[in-house]
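Novice: Heads up, this note's numbering is the position in the sequence shown plus 17, with the first residue counted as 1.
Glycine included, C-beta positions come from ideal geometry on N, C-alpha and C.
Please read these numbers as outputs of a predicted model, since none were measured by experiment.
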Amino acid sequence: MSLGEHFSRAWTSGFLASLLRLFAHTSVLEGLPLDQLLAKVSSLHPLPSVSANVLSITSDKPTLSAALWTAEGEVEHVESWAAEWRGPISLLVTTTAPPFSKQHTTLVAKLAAMQRKHPPLKQTFFVHLLHLDPATEVHPNAFLNIARLLAPSPRVVLFPGNLSAVPPKTLHSLLLHQQPTSSSAMTPRGRPRGRKPAVLTDNERTSFPFAALAPVVLARDDVTWCSERFFAGMTRAADWEECLWQVWLASFGGLEVRQVPGLAGVGVDTTDNAVTVKLHRRLVLKFRSETCGLAVRRFAALRDPNSSADTKKARWLKRICRGWTSN
């Protein structure tokens, strides 16, 4: 992706966030075609078909939900996952079955049977199918972005790991009481600041790099959307590290870090291919350099020159980005 394309992607992510903030509580957003929203938040090409809410529940509007994705061959793991997570789940299932095909119908019936069999899923399950060409490679961040976009709540917990790693049973109730406000100066003047993002981890690190595949809590309409620019076929952990870096940078290092006992065992996937690792490092360098350049310019346009807090953030941003923009 070129620098110009990167700037375009950043602009469209901000545009989508503006749409969500303006229309989240009206029928306007619901009336917008899903493919238009997907085109703004996802760089998957060609844009795959999405069957949103093939399973859903009717209840009061939830305030917090989990967003995660899995392949159709691993959906059985959601039963044990939902037994521990006590809130709504926005689950994106990737499938090679064409929409409305016999395979599609069979998959939906399988998910519905799981919902009937497992009591927690009767109150929490929102399932979306992403129909992929059989030749399409895995894009973890892209899939997670779509699960977040289709989540039923204004706040979302992004779980980047696979479903074999279940969350602690008390996590949902714990997060419902999270109340900090945003410290991000990226918020335009005059707009109320929402809750700051929070990284969930089982270790004592309070700054980047965080634990691999550490979940993140943020607003569904937060301006930061996970980058999808890396080559397909990368592991979940490798893709997710760049999303963690984005959230950390956009928060000027001020996001909350919450230690959650029992969050271990995320099942980190790795690659030993030296060529792949080297190429990924080069892509990371280019991505962070371009992102830093954009962040510095954007903050310069939004900051209050008379604010001591903004001065501190500007210094932090320049210090963090110096190592990336000088390469």
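Which residue comes first and which comes last in the alpha helix (DSSP H) that contains Asn70?
Specialist: Here residue 70 refers to the residue found at position 53 when the sequence shown is read from its first residue. It is not in any alpha helix (DSSP H) - Asn70 instead sits in the beta strand (DSSP E) that spans Ser66 to Leu72.
Novice: Express the C-alpha separation of Leu302 and Trp341 in angstroms, rounding to a whole number.
Specialist: On the sequence shown, residue 341 is found 324 positions in, with the first residue counted as 1. On the sequence shown, residue 302 is found 285 positions in, with the first residue counted as 1. It is roughly 7 Å from the alpha-carbon of Trp341 to the alpha-carbon of Leu302.
Novice: Would you kindly check if the distance between the Cβ of Ser190 and the Cβ of Pro116 is under 9 Å?
Specialist: Translated into positions along the sequence shown, residue 116 becomes position 99. Translated into positions along the sequence shown, residue 190 becomes position 173. No, these two residues do not count as a Cβ contact at 9 Å.
Novice: Note the first and the last residue of the continuous beta strand (DSSP E) segment covering Arg275.
Specialist: Numbered from 1 along the sequence shown, position 258 holds the residue referred to as residue 275. For Arg275, the enclosing beta strand (DSSP E) stretches over residues Glu273 to Gln276.
Novice: Between the beta-carbon of Leu81 and the beta-carbon of Val216, is there less than 9 Å?
Specialist: Against the sequence shown, residue 81 aligns to sequence position 64. Against the sequence shown, residue 216 aligns to sequence position 199. Taking 9 Å as the Cβ cut-off, Leu81 and Val216 do not qualify as a contacting pair.
Novice: Look at the alpha carbon of Glu89 and the alpha carbon of Arg320, and state the distance between them as a whole number of angstroms.
Specialist: Numbered from its first residue, the sequence shown carries residue 89 at position 72. Numbered from its first residue, the sequence shown carries residue 320 at position 303. CA-to-CA, the gap between Glu89 and Arg320 works out to about 46 Å.
Novice: For Trp262, which residues does DSSP report across the bridge?
Specialist: For this step, residue 262 is matched to residue 245 along the sequence shown. Partner(s): none; Trp262 has no beta bridge.
Novice: Do you know offhand how far Trp262's Cα is from Ser107's?
Specialist: In the sequence shown, counting from the first residue as 1, residue 262 sits at position 245. In the sequence shown, counting from the first residue as 1, residue 107 sits at position 90. When rounded, the distance between both Cα atoms is 24 Å.
Novice: Assign His148 to one of three DSSP states: helix, strand, or coil.
Specialist: Here residue 148 corresponds to residue number 131 of the sequence shown, with the count starting at 1. Three-state result, His148: strand.
Novice: DSSP puts Ser82 in a beta bridge; with which residues?
Specialist: Counting from one through the sequence shown, the residue named residue 82 turns up at place 65. For Ser82, which the question treats as bridged, DSSP gives the partners Val173.
Novice: Pick out whichever of Gln120, Val155, Glu93 and Gly279 has its Cα sitting closest to the Cα of Ala254.
Specialist: Taking the first residue of the sequence shown as position 1, residue 254 is located at position 237. Nearest of Gln120, Val155, Glu93 and Gly279 to Ala254, Cα basis: Val155.
Novice: Is Ser181 helix, strand or coil by DSSP?
Specialist: Numbered from 1 along the sequence shown, position 164 holds the residue referred to as residue 181. The three-state secondary structure of Ser181, taken from DSSP, is coil.
Novice: Whose CA, out of Arg103, Phe160 and Thr113, lies closest to the CA of Trp257?
Specialist: Taking the first residue of the sequence shown as position 1, residue 257 is located at position 240. Trp257 has its Cα closest to that of Phe160, out of Arg103, Phe160 and Thr113.
Novice: Could you please give the first and the last residue of the uninterrupted alpha helix (DSSP H) stretch that includes Ala215?
Specialist: On the sequence shown, position 198 is the one that residue 215 refers to. Not the alpha helix (DSSP H): Ala215 falls in the beta strand (DSSP E), residues Ala215 to Thr218.
Novice: In this structure, what does DSSP give as the bridge partners for Thr87?
Specialist: Indexing the sequence shown from 1 puts residue 87 at position 70. Paired residues: Val110.
Novice: I think Pro171 touches Ala236, with their Cβ atoms under 8 Å apart; what is that distance to the nearest whole Å?
Specialist: For the purposes of this step, residue 171 is taken as the residue at position 154 of the sequence shown. For the purposes of this step, residue 236 is taken as the residue at position 219 of the sequence shown. Sure, about 6 Å apart at Cβ, within 8 Å.
Novice: Under DSSP, the alpha helix (DSSP H) around Ala231 begins and ends at which residues?
Specialist: Position 214 of the sequence shown, counting from 1, holds the residue named residue 231. Ala231 -> no alpha helix (DSSP H), and no H or E assigned at all.
Novice: Using 10 angstroms around the beta-carbon of Asp150, count the other beta-carbons present and answer buried if the total reaches 16, otherwise exposed.
Specialist: Along the sequence shown, one-based indexing puts residue 150 at 133. That one is exposed.
Novice: Using a 10 Å radius around the Cβ and a threshold of 16 neighbouring Cβ atoms, would you call Glu259 buried or exposed?
Specialist: On the sequence shown, position 242 is the one that residue 259 refers to. Buried: at least 16 other Cβ atoms inside 10 Å.
Novice: Out of Ala326, Thr252 and Thr328, point me to the one whose CA is closest to Pro157's CA.
Specialist: The residue given as residue 157 occupies position 140 in the sequence shown. Selected option, being the one with the closest Cα: Thr252.
Novice: Need the endpoints of the alpha helix (DSSP H) that Arg315 sits in, please.
Specialist: Here residue 315 is taken as the residue at index 298 of the sequence shown, counted from 1. Unbroken alpha helix (DSSP H) run through Arg315: Ala291 to Leu319.
Novice: In the DSSP output, which residue or residues are listed as bridge partners for Asp117?
Specialist: Along the sequence shown, one-based indexing puts residue 117 at 100. Strictly speaking, residue 117 in this sequence is Phe, with Asp absent from that position. Phe117 is not bridged to any residue.
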